[in-house]
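Student: Please read through the structure below; I'll follow up with questions.
There are 2 protein chains.
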Amino acid sequence: MFPYLKRGTKKMKIAVDVMGTDYGPAEIIKGVLQAVKEYGCDAVLVGDEDVIKAELRREHEENNPHVTIHHASEVIEMKDHPGISVKKKRDASIVVATDLLRQKECDALVSSGSTGAAVASALFGLGRIKGIERPAIATVIPSLTGATVLLDSGAKVDAKPEQLVQSAIMGSVYAESQLGIKNPRVGLLNIGEEETKGNEQCLATYPLLKANPHIHFIGNVEGRDINKGTVDVVVCDGFTGNVVLKTMEGLGSAVLEIIRSAVKGSGFLSKFGALLMKPALTEVKRKMDASEYGGALLLGVRAPFIICHGSSKAKAIKNAVRVAIELTEKDIVGKIGREILRDEESGEL
Amino acid sequence: MFPYLKRGTKKMKIAVDVMGTDYGPAEIIKGVLQAVKEYGCDAVLVGDEDVIKAELRREHEENNPHVTIHHASEVIEMKDHPGISVKKKRDASIVVATDLLRQKECDALVSSGSTGAAVASALFGLGRIKGIERPAIATVIPSLTGATVLLDSGAKVDAKPEQLVQSAIMGSVYAESQLGIKNPRVGLLNIGEEETKGNEQCLATYPLLKANPHIHFIGNVEGRDINKGTVDVVVCDGFTGNVVLKTMEGLGSAVLEIIRSAVKGSGFLSKFGALLMKPALTEVKRKMDASEYGGALLLGVRAPFIICHGSSKAKAIKNAVRVAIELTEKDIVGKIGREILRDEESGEL
Numbered sequence: 001m002f003p004y005l006k007r008g009t010k011k012m013k014i015a016v017d018v019m020g021t022d023y024g025p026a027e028i029i030k031g032v033l034q035a036v037k038e039y040g041c042d043a044v045l046v047g048d049e050d051v052i053k054a055e056l057r058r059e060h061e062e063n064n065p066h067v068t069i070h071h072a073s074e075v076i077e078m079k080d081h082p083g084i085s086v087k088k089k090r091d092a093s094i095v096v097a098t099d100l101l102r103q104k105e106c107d108a109l110v111s112s113g114s115t116g117a118a119v120a121s122a123l124f125g126l127g128r129i130k131g132i133e134r135p136a137i138a139t140v141i142p143s144l145t146g147a148t149v150l151l152d153s154g155a156k157v158d159a160k161p162e163q164l165v166q167s168a169i170m171g172s173v174y175a176e177s178q179l180g181i182k183n184p185r186v187g188l189l190n191i192g193e194e195e196t197k198g199n200e201q202c203l204a205t206y207p208l209l210k211a212n213p214h215i216h217f218i219g220n221v222e223g224r225d226i227n228k229g230t231v232d233v234v235v236c237d238g239f240t241g242n243v244v245l246k247t248m249e250g251l252g253s254a255v256l257e258i259i260r261s262a263v264k265g266s267g268f269l270s271k272f273g274a275l276l277m278k279p280a281l282t283e284v285k286r287k288m289d290a291s292e293y294g295g296a297l298l299l300g301v302r303a304p305f306i307i308c309h310g311s312s313k314a315k316a317i318k319n320a321v322r323v324a325i326e327l328t329e330k331d332i333v334g335k336i337g338r339e340i341l342r343d344e345e346s347g348e349l
Numbered sequence: 001m002f003p004y005l006k007r008g009t010k011k012m013k014i015a016v017d018v019m020g021t022d023y024g025p026a027e028i029i030k031g032v033l034q035a036v037k038e039y040g041c042d043a044v045l046v047g048d049e050d051v052i053k054a055e056l057r058r059e060h061e062e063n064n065p066h067v068t069i070h071h072a073s074e075v076i077e078m079k080d081h082p083g084i085s086v087k088k089k090r091d092a093s094i095v096v097a098t099d100l101l102r103q104k105e106c107d108a109l110v111s112s113g114s115t116g117a118a119v120a121s122a123l124f125g126l127g128r129i130k131g132i133e134r135p136a137i138a139t140v141i142p143s144l145t146g147a148t149v150l151l152d153s154g155a156k157v158d159a160k161p162e163q164l165v166q167s168a169i170m171g172s173v174y175a176e177s178q179l180g181i182k183n184p185r186v187g188l189l190n191i192g193e194e195e196t197k198g199n200e201q202c203l204a205t206y207p208l209l210k211a212n213p214h215i216h217f218i219g220n221v222e223g224r225d226i227n228k229g230t231v232d233v234v235v236c237d238g239f240t241g242n243v244v245l246k247t248m249e250g251l252g253s254a255v256l257e258i259i260r261s262a263v264k265g266s267g268f269l270s271k272f273g274a275l276l277m278k279p280a281l282t283e284v285k286r287k288m289d290a291s292e293y294g295g296a297l298l299l300g301v302r303a304p305f306i307i308c309h310g311s312s313k314a315k316a317i318k319n320a321v322r323v324a325i326e327l328t329e330k331d332i333v334g335k336i337g338r339e340i341l342r343d344e345e346s347g348e349l
């Protein structure tokens, strides 16, 4: 019932911004309720009080002692400019939730609204870990042998070589701490394996990664390596990472759509075959299902900050809360801080 | 038998560089022989004469009057530096083949060796179409409604905004001419739909595309739109395009691999189901099979220049020869030249 509560540790409290998502607060709240039940944590639902209350009533959970409501009167929409709106809409749910985190009224935060607004809110509200130039969003991508961490998937579109090196360090900490990969292999996302390949950014970053004693750099990797399981941490700027993620998403849905219509358009035998194959196809879906990994993590800010896809369903939110608990227990923020410090000190020798 | 030969037109002659590919000259030559038979064209096989002769003998085609051999003593390998090696290895197959094209001893060229070497050879050997700053590789990607042209997929890793605008024009000509799409919709590959989204390159390119009267610009598109069929021409720099293509390739193989092992590991029913579903799955494979589209086209140089994937099989080569014939008949090079001129003139008004 309380798998994450060790003797003597205090009960985790996770803040969840329930506003500004594609499927509305109902889906988010459903996921949070499942998480509270399954992981034995407390949750603070941040957003429009009336909406949240109505939803809790509908779920017959209005008296759940582990769920509290924190009202926020404003919402940052997907179309809003992230930087401007987190400064202007001081009572926006993501700003209020970040504030709870800053004041240590909760241990971690789960957001599934505008990614840009979440990043801006974390930067202004929490600040960066000492030594970190730029936070990066780390996304766990299913691979043939387990999972690969891709970062940055959208926190900072243009990145300097030194910032990519910091991403490599943060990604390594994350892969080791969260995925249990010892001495994770780091690859630079590029268009060829050779050191001489790539754009200016890659050419400048390669030697820095190669020279860094704290990074297990295996060289350049290509788009086709991400799902292969031959690399654990894939480093790129936020523009490239975001394009990669969305390309995967698009190709995945296109393939499913074509299978669906091919099966539909074909005869009874094909339909029967699809039925028989269902266990195998379910296995594929399970293996490639990003929602199992519970959202992306904003690395480099001063508290655990999970960013879910705007179209997250209850299951993804539940898993995001689990990841938030795990990352807090594993002190990912402290570990990153120590690694960056160690890296800076060794650079000064 | 000769579907591409109109009354009065001369017989097409396509030069094919058979060296430096993943599967060796045999696979390439097999594809060329199929194309010669099916499309009624002539072909010049460029590469090591002994190797080519042996291969033709093995296929019992050593006396085929439509196939000639042009000896080239050197090969540019994948690991060679493209720019340096096309200058140093003057008798490399790709350099010799390009020279045949320059001297109009053939109408078009098909290559499947190192992409970098092919681009360098085309640039030095053929030169750019007047007004074109940088050539771009256009790749046809299967989509839910047909196909999408992605460019640049690797000719120039870093691109200036003006070069992306030229890519949009070239891609539009290609989509209209080759895929039969009237007034093709052009999208800028970005990380969000809004004009304010993206890296410096995108922010600078958007207004130029928007203002250009010769481009049917529909705004920013995201990675997930490429396969959807909601855009006809997707413009990006060569780094991003290459990462996108290889990501698609990697995800595709990973999904197939997981399906295969899931079916293998599961019971008889699943295997039986897979058998029954085969027609539907074949349909999926056919729809998503990039080799149907016959390679990528290097747009912006002074003659039709097709670049195939290094791992192309006979079928892909055959289709590449078909595309080479079509593009020559449709005078894609002349059309691009006229569009670029028109664009320059309207800019001077």
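The listed protein sequences derive, respectively, from chains U and B.
Letter 304 of the first sequence, counting from 1, is numbered 304 in our numbering, and no numbers are missing.
Letter 158 of the second sequence, counting from 1, is numbered 158 in our numbering, and no numbers are missing.
A virtual CB, placed ideally from N, CA and C, is assigned to each residue, including glycine.
Just so it is clear, the structure is predicted and the values come from calculations on it, not from any experiment.
(1) Pairs of beta-carbons, one from the region 29-38 of chain B and one from the region 54-65 of chain B, closer than 8 Å: are there three or more?
(2) Can you find a CB in chain B that lies within less than 8 Å of the CB of S146 of chain U?
(3) Beta-carbon within less than 8 Å of L341 of chain U's beta-carbon, same chain only, minus the 5 sequence neighbours each way: which residues are those?
(4) Name the chain B residues that come within less than 8 Å of G273 of chain U, Cβ to Cβ?
(5) Using the beta-carbon of each residue, which ones in chain B are nearer than 7 Å to V140 of chain U?
(6) By the 10 Å Cβ neighbour count, where 16 or more other Cβ atoms means buried, how is N183 of chain U classified, buried or exposed?
(7) I'd like to know if L189 of chain B contacts chain A, where contact means its C-beta is closer than 8 Å to some C-beta of that chain.
(8) Please list, in chain order, all residues of the same chain as S143 of chain B whose beta carbon is under 8 Å from its beta carbon, the five residues on each side excluded.
(9) Is it buried or exposed for N63 of chain U, if we count other Cβ within 10 angstroms and need 16 for buried?
(10) With distances taken from CA atoms, which of B:S112, B:E105, B:G24, B:C202 is nearest D17 of chain B?
(11) Which term fits F305 of chain B, buried or exposed, when burial requires 16 or more other beta carbons within 10 angstroms of its beta carbon?
(12) Report buried or exposed for H60 of chain B, applying the criterion of at least 16 other Cβ atoms within 10 angstroms of its Cβ.
(13) Would you decide whether S153 of chain B is buried or exposed? Buried here means 16 or more other CB atoms lie within 10 Å of its CB.
(14) Nearest to A136 of chain B by alpha carbon, out of B:L101, B:I258, B:A108, B:Y174?
(15) Going along the chain, which residues of its own chain have a beta-carbon closer than 6 Å to the beta-carbon of P3 of chain U, five neighbours each way excluded?
(16) Please state whether the Cβ-Cβ distance between N212 of chain U and V149 of chain U is less than 8 Å.
(17) Name the chain U residues whose beta carbon is nearer than 8 Å to that of R224 of chain B?
(18) Check whether chain U comes within 8 Å of D152 of chain B, counting only Cβ atoms and requiring the distance to be less than that.
(19) Quick check on L297 of chain U - is its C-beta less than 8 Å from some C-beta in chain B?
(20) What's the C-alpha gap between S346 of chain B and E200 of chain B?
(21) Determine the chain B residues that contact E257 of chain U at a beta-carbon separation under 7 Å, and present them in chain order.
(22) Reducing DSSP to helix, strand and coil, say where G187 of chain U ends up.
(23) Taking contact to mean 3 or more Cβ pairs, one atom from each stretch, closer than 8 Å, check whether the region 114-134 of chain B and the region 96-103 of chain B are in contact.
(24) With I307 of chain U as the anchor, note down where its alpha helix (DSSP H) starts and where it stops.
(25) If you follow the beta strand (DSSP E) that D91 of chain B is in, where does it begin and where does it stop?
(26) Do I69 of chain U and I94 of chain U count as a contact pair if the criterion is CB distance below 8 Å?
(27) Report the residue from U:I29, U:K88, U:S73, U:K104 whose alpha carbon sits nearest the alpha carbon of V321 of chain U.
(28) Could you check whether the Cβ of V243 of chain U sits closer than 8 Å to any Cβ belonging to chain B?
(29) Run down chain U in chain order and give the residues with a C-beta less than 9 Å from the C-beta of M200 of chain B.
(30) Please list the residues of the region 206-234 of chain B that have a C-beta atom closer than 9 Å to any C-beta atom in chain U, keeping them in chain order.
(31) Spell out whether any CB of chain B is found under 8 Å from the CB atom of T196 of chain U.
(32) Which residue's Cα is closest to the Cα of I332 of chain U: U:L298, U:N319, U:V110?
(33) With a threshold of 16 other CB atoms inside 10 Å of the CB of L151 of chain U, please say whether the residue is buried or exposed.
(34) Under 7 Å: does the beta carbon of C308 of chain B sit that close to some heavy atom of the ligand NAP?
(35) For L45 of chain U, which beta-bridge partners are listed by DSSP?
(36) Can you check whether the CB of I215 of chain U is closer than 8 Å to the CB of I169 of chain U?
Tutor: Let's see:
(1) yes
(2) Going by the sequence as given, residue 146 of chain U is Gly instead of Ser. Cβ-Cβ to chain B under 8 Å: no for G146 of chain U.
(3) K130, G131
(4) F272, G273, A274, L275, L276, M277, K278, A280
(5) Near V140 of chain U there are no residues of chain B at all, since even the closest Cβ is about 15 Å away, more than 7 Å.
(6) exposed
(7) Protein chains in the displayed structure are U and B, and chain A is not among them.
(8) I226, N227, K228, G229
(9) exposed
(10) B:S112
(11) buried
(12) exposed
(13) buried
(14) B:Y174
(15) Note that P3 of chain U scores a pLDDT of 46, beneath 50, so its modelled location is shaky; the value from the coordinates is reported in the next line. Excluding residues within five positions, none has a Cβ falling inside 6 Å.
(16) no
(17) K246, T247, E249, G250, S253
(18) no
(19) no
(20) 26 Å
(21) L144
(22) strand
(23) yes
(24) Element bounds for I307 of chain U: not the alpha helix (DSSP H) but the beta strand (DSSP E), 305-307.
(25) Careful: D91 of chain B lies outside any beta strand (DSSP E) and carries neither H nor E.
(26) no
(27) U:I29
(28) yes
(29) Sequence check: residue 200 of chain B is Glu here, not Met. In chain order: V157, D158.
(30) E222, G223, R224, D225, I226, N227, K228, G229
(31) yes
(32) U:L298
(33) buried
(34) As far as ligands go, the structure on display features none, and thus does not contain the ligand NAP.
(35) U:V16, U:I69
(36) yes
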